[in-house]
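Numbering (the UniProt record's numbering), first residue to last: 1 to 369. Backbone N, C-alpha and C define an ideal beta-carbon position, used for all residues, glycine too. A short write-up of the structure that comes next.
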């Protein structure tokens, strides 16, 4: 994840200690718990292929035990996701277990089920709620597959803010909505929202590559997002494409930015982050369908790493773009996207747009300084 506003303005942000620590820990700092595959919407770009049909949920006891293992591992953040995590009536009990163990809890939701009743259960234990939006009402509802989804999401967003929970937006960039960045920032100003994360499309679940923008469009969209970040009004992040950080460096030529990017280290799937599926399978992230183990053995996966986890930690020996001079600040991008696009886990990430960035004239001494 790239904190655009942090790199541009140098304003400290809450997750700095994780993003820029530069430490190589044995265990991931962030775990994504996909606690259900059930959802009340049918989103076109859902990475978990969730929907309104009835899926089996793992028992609460399994997730509580996973939180305990996460605590033993020193995990700092747990992101509760799905499906729609609020489809689980016992979600607050999972959040409470993490909160009691000193783990920061974040909730990723479509916002339509954010009622006062549910927030009353959750607000003590949840540090941040990210609500997904795809653009104006007609665009959003078309993406979500349900008429009225936009108005319900906005209502949930407002209730969350009214009840004092830090709340922001999540926006996945696709060819159907990339030209609504201005709309999103206007909405943030209107609703008093001060945080947004823009996600590059990952080709997983129903999120087909055909939905993605081309890299020329991608570059222009990220430049616009950078422009909105310059006045420091919002906390702005992008996810799943470390090239965004290199673009910021090319525009600023700041030694400080390069230092932060080095500390961040680019994509760290399987190292700094990992994902647990609704069925209890552990993956490097939400988008890379390479199983590392099972939820019942969560800690053991890193105590006794298997061949794939070892390769991810030493990916420079395997990734086809390892000779790139920016590898140390990118780490090869999103492996799941490369796998989906080419069938080869170690191929070049097709969303890399480095060849379109004009003003990078780094020498070897720049990168080694």
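- Residue nearest to residue 138 within the set 48, 130, 147 and 215 is 147 (criterion: CA-CA distance).
- Collapsing the DSSP output to three states places residue 318 in coil.
- Proximity to residue 110 across 77, 218 and 155 peaks at 155, based on C-alpha coordinates.
- A direct Cα-to-Cα measurement between residue 317 and residue 327 gives close to 12 Å.
- For residue 71, the secondary structure class from DSSP, reduced to helix, strand or coil, is helix.
- Distance from the Cα of residue 240 is smallest, within the candidate group 299, 12, 273 and 68, for 273.
- If you look at residue 174, you'll find it isn't in any alpha helix (DSSP H); DSSP assigns it neither H nor E.
- Ranked by Cα distance from residue 134, the options 43, 345 and 195 are led by 43.
- Pairing residue 142 with residue 336 gives a Cβ-Cβ distance that is not under 8 Å.
- If you check the CB distance, residue 225 and residue 198 come in under 8 Å.
- Here the C-alpha atom of residue 354 lies approximately 27 Å from the C-alpha atom of residue 310.
- About 16 Å separates the beta carbons of residue 249 and residue 237, which is beyond the 8 Å limit, so they are not a contact pair.
- Within the segment 181 to 227, the runs of beta strand (DSSP E) at least 3 residues long that lie entirely inside it are, in chain order, 195 to 200.
- Residues of the same chain with a CB within less than 6 Å of the CB of residue 228, apart from the 5 flanking positions on each side, are 185 in chain order.
- The DSSP assignment places 77 to 81 and 104 to 109 as complete runs of the beta strand (DSSP E) inside the segment 67 to 117, in order along the chain (cut-off: 3 residues).
- Between residue 281 and residue 37, the alpha-carbon positions lie close to 13 Å from each other.
- Here residue 189 is exposed, its C-beta having fewer than 16 other C-beta atoms within 10 Å.
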